[in-house]
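Position in the sequence shown (from 1) plus 4 gives the number in my numbering. In this text, a Cβ means the ideal position worked out from N, Cα and C, and glycines have one as well. Because the structure is a prediction, the values reported are computed rather than measured. Following: one structure in structure tokens, then a few remarks.
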Amino acid sequence: MKNIFKYSNIALLATLVLGCSGDDKIVDDVIDGVTNGAVLRTIDIDNNLVYNDLTLAFEAGSDYVLTLEEQDAQNGGLLSEVEISARFVENTRLDTNNDGVVDENDDDLSTELGLIRTLSVSDFQTGERGVPTSVITFTAEELVSFTGVDESMVEGRDDFELTFLLKLTDGRTFSADDANGNVSGGSYFSSPYSYRTPIACAITESLADTYTYQITSLTSAPGGRSNCPVAPLTGEVTWEETDTPGEYTTSDISFGQFDSCYVDVFKEITFDDIQVVWDCINLVSEGTIETVQDSNNKEDDFTYIYTIVATSGSDMTIDFGNSAGDRGTVILTRPDGKIWPALLTR
Numbered sequence: 005m006k007n008i009f010k011y012s013n014i015a016l017l018a019t020l021v022l023g024c025s026g027d028d029k030i031v032d033d034v035i036d037g038v039t040n041g042a043v044l045r046t047i048d049i050d051n052n053l054v055y056n057d058l059t060l061a062f063e064a065g066s067d068y069v070l071t072l073e074e075q076d077a078q079n080g081g082l083l084s085e086v087e088i089s090a091r092f093v094e095n096t097r098l099d100t101n102n103d104g105v106v107d108e109n110d111d112d113l114s115t116e117l118g119l120i121r122t123l124s125v126s127d128f129q130t131g132e133r134g135v136p137t138s139v140i141t142f143t144a145e146e147l148v149s150f151t152g153v154d155e156s157m158v159e160g161r162d163d164f165e166l167t168f169l170l171k172l173t174d175g176r177t178f179s180a181d182d183a184n185g186n187v188s189g190g191s192y193f194s195s196p197y198s199y200r201t202p203i204a205c206a207i208t209e210s211l212a213d214t215y216t217y218q219i220t221s222l223t224s225a226p227g228g229r230s231n232c233p234v235a236p237l238t239g240e241v242t243w244e245e246t247d248t249p250g251e252y253t254t255s256d257i258s259f260g261q262f263d264s265c266y267v268d269v270f271k272e273i274t275f276d277d278i279q280v281v282w283d284c285i286n287l288v289s290e291g292t293i294e295t296v297q298d299s300n301n302k303e304d305d306f307t308y309i310y311t312i313v314a315t316s317g318s319d320m321t322i323d324f325g326n327s328a329g330d331r332g333t334v335i336l337t338r339p340d341g342k343i344w345p346a347l348l349t350r
């Protein structure tokens with residue numbers, strides 16, 4: 005994103021867009037006075053790409069849908085065509101040579117960009133703002149077939165990259181190289197010309213359950229803020245279903261650490277939407293513990309980060325820490341000898 009976008013009135017445009025991003029009429033007035041340039045504005049992104057690790061294929065109906073709006077000095081009169089290129093991007097390298105480690109000697113499944121589709125004027129319709137608008141759908145089947153990636157080797161969190169080249173009737177072209185930050189990521193235009201499509205993972209089973217845990221190590225936050233007891237600590241934590249598959253409310257985001265390290269410290273403690281999210285190969289803690297201290301009424305928020313260290317059968321070892329600086333390691337055990345899903349053992 006290196007060149008200033010080629011509007012003759014760009015300084016005025018940037019000022020107004022940044023200052024009044026919610027006022028479409030002001031932006032319209034500016035566009036009316038612009039004599040050069042064009043943008044592809046992002047109206048909506050609907051990413052439905054979901055990969056199933058058990059079937060080694062995308063779920064039925066997986067697709068990626070973009071709604072774009074073309075703006076130029078003639079309200080779309082300069083639009084000629086839009087070229088779209090695609091490639092597969094491997095973000096989760098695999099041990100393809102089976103030597104027990106993932107390194108530079110393993111295959112990189114990422115592919116080169118190639119022209120997947122060309123949109124003509126007929127692929128756009130006049131939108132609510134009186135300029136050309138197009139809804140562009142890419143199915144997982146089309147993206148896999150075009151890029152040539154081995155579908156059985158895809159992993160959740162990999163993605164496809166889509167890049168756009170806007171061509172005008174006067175021969176000029178616009179791409180990611182021509183858009184500055186205000187255009188590519190601004191609150192109004194949001195016109196990056198390049199999109200990444202993170203692939204989600206199918207939730208193949210429920211993790212809602214009551215787990216036992218044992219904290220094997222525990223370290224207090226620096227500066228004497230907390231006073232953690234000597235490990236081990238044991239207890240139970242319950243995860244319950246929500247309306248979103250893979251997201252669970254939790255009875256204790258800290259596995260007993262917060263109550264153990266902060267005895268009689270706070271006069272108010274509030275749990276704000278604390279959850280555990282199964283995000284492909286990770287467990288992610290979400291939400292905050294909001295507190296008010298007794299001594300000075302100081303308000304504080306505690307958030308947590310989990311890192312899966314190892315998984316064996318029904319036991320999972322997790323390093324965890326909070327935003328205050330407390331750290332610990334816990335062994336989380338599924339009941340009845342249940343083993344953890346294969347995705348979480350990688």
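Check, Outcome
"Reduced DSSP category for C205 - H, G, I as helix; E, B as strand; rest coil", "strand"
"Option nearest I2 by Cα separation, candidates L82, A235, P136", "Residue 2 lies beyond the residue range present for the chain, which begins at 5 and ends at 350; the question has no answer from this structure."
"Helix, strand or coil at P339 according to DSSP, with G and I counted as helix", "helix"
"Inter-residue spacing [alpha-carbon to alpha-carbon] between E145 and E244", "34 Å"
"Alpha carbon of D283 to alpha carbon of G250, nearest angstrom", "7 Å"
"Helix, strand or coil at T46 according to DSSP, with G and I counted as helix", "strand"
"Buried versus exposed call for R45 [16 or more other C-beta atoms within 10 Å across all chains shown]", "buried"
"Option nearest T349 by Cα separation, candidates D57, T173, N51", "D57"
"Backbone secondary structure at V289 - three-state DSSP", "Val is not the amino acid found at residue 289; the sequence shown has Ser there. Note: S289 maps to strand in three-state DSSP."
"Proximity of V69 and L123 at Cβ, strictly below 8 Å", "no"
"Nearest-angstrom Cα separation, counted from T167 out to L119", "9 Å"
"N- and C-terminal bounds of the alpha helix (DSSP H) containing F324", "Element bounds for F324: not the alpha helix (DSSP H) but the beta strand (DSSP E), 319 to 326."
"Those runs of the alpha helix (DSSP H) which lie wholly inside the region 231 to 316 and span at least 4 residues", "261 to 265"
"Cβ-based burial, S316 [other Cβ within 10 Å; buried from 16]", "exposed"
"Contacting residues, own chain, Cβ-Cβ under 7 Å from S224 (five flanking each side not counted)", "S230, N231, C232, C265, D330"
"Residue from T242, M157, P345, G332 whose Cα sits closest to the Cα of D319", "P345"
"Through-space distance from D76 to G41, alpha-carbon basis", "6 Å"
"Alpha carbon of Q218 to alpha carbon of D103, nearest angstrom", "33 Å"
"DSSP state of A61 mapped onto helix, strand, coil", "strand"
"Per-residue burial, L60 [other beta carbons within 10 Å of its own, 16 or more giving buried]", "exposed"
"Burial state of S149 (16 or more Cβ within 10 Å)", "exposed"
"Whether S221 touches A212 by CB criterion (8 Å)", "no"
"Closest by C-alpha distance to G65, when choosing among R121, A206, G131", "A206"
"Closest Cα partner of N109 within the set D162, N101, E165", "N101"
"Every unbroken beta strand (DSSP E) within the region 89 to 153, with a cutoff of 3 residues, ordered by chain", "118 to 124, 136 to 143"
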